[in-house]
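Enquirer: Questions regarding the structure given below will be posed in turn.
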Amino acid sequence: MGNCQAVDAAAVAVIQHPDGQVESYSCPLSASDIMAANSGHYVAVIMTVTHPRSSSAAHHHSSRRSGGGDGNQVRYLKLLRPDDTLLVGHFYRLVSFEDVLREFGSKRRVRLSKLLAKKEEELRKQREEANPSSSVVEGEEETTGSGDSRNSVRVARKGQWRPALQTIAEADSFK
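Using full-length UniProt numbering, read the sequence shown as starting at 1 and increasing by one per residue.
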C-alpha cells in the first residue's frame, strides 16, 4: 500500500506539445479529440525499436556499454488516425501539419528523383538503340547553342525534324 503513486503515474496518457508543454490524461480518449483541441497538429505515438547489431560489433560495444541489450535503440513517431484511441500508460506527441508534409515531401522527392533518373536513362538507351546517329545530333546540339545548353538538349530530345538535303547546283539554262 505504500507505493500507490507508482500505479497512478502509470495510469495516465502523456501528450507533449511542440513547445514542450506536457498534458496528462487519466482516461482513454480518441485522437480526434486531441486534434480538434489542437488544430493543425497530428497525434503521434513514440515507439522505441531495437535494431540488432552484427555479432562482432555487438561483442565489441557490449563490453563498453553499461546497459544490456545487443542493439541500437531508435525512436520513431507513428501518426495515429483520428479514430484511434489514446491508451493510458503511453507517451504521445503532437506533430505539426507542416512537419508532416515536409517529411513526406522529402521522402517523395527522393523516390521520384530516383525514378525519373531511371526512366530518363532507359529512354536514352532506347533512342541510341533505335537511331545511333541521334546521339551525335544531341552532342552537336549541346555544343552549338545560344548559351543555354539545357534548352538545346530538350529540343533534340523531342525529336525535332531536320531536313537532310543535298545542295542543288543551279543550271545555267536560265540565262
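C-beta atoms are modelled at their ideal positions from N, C-alpha and C, and glycine is treated no differently.
So the candidates are A31, H41 and L77; which of them puts its Cα closest to the Cα of H17?
Expert: Reading the sequence shown from its first residue, position 17 is the one you call residue 17. Looking at the Cα atoms, H41 is the closest of the given residues.
Enquirer: What are the boundary residues of the beta strand (DSSP E) that A44 is part of?
Expert: The residue you call residue 44 lines up with position 44 of the sequence shown. First-last of the beta strand (DSSP E) with A44: H41 to P52.
Enquirer: Need the endpoints of the beta strand (DSSP E) that A13 sits in, please.
Expert: One-based indexing of the sequence shown puts residue 13 at position 13. Taken as a continuous stretch (DSSP letters only), the beta strand (DSSP E) holding A13 covers A13 to Q16.
Enquirer: Thinking C-alpha only, which one of V49, Y25 and V22 is nearest R75?
Expert: In the sequence shown, counting from the first residue as 1, residue 75 sits at position 75. Measuring from the Cα of R75, the nearest candidate turns out to be V49.
Enquirer: Go through its chain and collect everything with a Cβ distance to V12's Cβ below 8 Å, but skip five positions before and after it.
Expert: Locating residue 12 in the sequence shown gives position 12, where the first residue counts as 1. For V12, where only same-chain residues beyond five positions count, the Cβ hits under 8 Å are S24, Y25, S26, V88 and G89.
Enquirer: Output yes if chain C places a C-beta closer than 8 Å to the C-beta of P52; else output no.
Expert: Structure shown: chain C not included; a single protein chain is present.
Enquirer: Alpha carbon to alpha carbon, how far is M47 from K78?
Expert: Residue mapping note: residue 47 aligns to position 47 of the sequence shown, counting from 1. Residue mapping note: residue 78 aligns to position 78 of the sequence shown, counting from 1. Distance between the alpha carbons of M47 and K78 is about 7 Å.
Enquirer: Around the Cβ of A164, are there at least 16 other Cβ atoms within 10 angstroms (buried) or fewer (exposed)?
Expert: The residue given as residue 164 occupies position 164 in the sequence shown. Looking at its Cβ environment, which holds fewer than 16 other Cβ atoms inside 10 Å, A164 is exposed.
Enquirer: Do you know how far the Cα of K118 is from the Cα of V45?
Expert: In the sequence shown, the residue the question calls residue 45 occupies position 45. In the sequence shown, the residue the question calls residue 118 occupies position 118. Distance between the alpha carbons of V45 and K118: 36 Å.
Enquirer: Run the CB neighbour count on A31, radius 10 Å, all protein chains shown included, and call it buried at 16 or more, exposed below.
Expert: On the sequence shown, position 31 is the one that residue 31 refers to. Burial call: buried.
Enquirer: Taking all protein chains shown into account, do 16 or more other C-beta atoms lie within 10 angstroms of the C-beta of L94, making it buried, or fewer, making it exposed?
Expert: Locating residue 94 in the sequence shown gives position 94, counting from the first residue. Classification of L94: buried, given that the 10 Å Cβ count is 16 or more.
Enquirer: Which residues does DSSP list as the beta-bridge partners of residue 180?
Expert: A query on residue 180 cannot be resolved here, the shown segment of the chain reaching from 1 to 175 and no further.
Enquirer: Determine the direct distance from the alpha carbon of D19 to that of E121, and round the result to whole angstroms.
Expert: The residue you call residue 121 lines up with position 121 of the sequence shown. The residue you call residue 19 lines up with position 19 of the sequence shown. For E121 and D19, the distance between alpha carbons rounds to 46 Å.
Enquirer: Measure the Cβ-Cβ separation of M35 and V22 and say whether it is below 8 Å.
Expert: Counting from 1 along the sequence shown, the entry for residue 35 is found at position 35. Counting from 1 along the sequence shown, the entry for residue 22 is found at position 22. No; because the gap between Cβ atoms is not below 8 Å, this pair is not in contact.
Enquirer: Going by alpha carbons, who is nearest to N72 out of D84, H51 and F91?
Expert: The count along the sequence shown starts at 1 and reaches residue 72 at position 72. When each option's Cα is compared against that of N72, the closest is H51.
Enquirer: From what residue to what residue does the beta strand (DSSP E) around L165 run?
Expert: Taking the first residue of the sequence shown as 1, we reach residue 165 at position 165. No beta strand (DSSP E) holds L165; DSSP gives it neither H nor E.
Enquirer: Evaluate I15 with the Cβ neighbour count: other Cβ atoms within 10 Å of its Cβ, from every protein chain shown; 16 or more gives buried, anything less gives exposed.
Expert: To locate residue 15, count along the sequence shown from 1; it is residue 15. Its Cβ being crowded by 16 or more others within 10 Å, I15 is buried.
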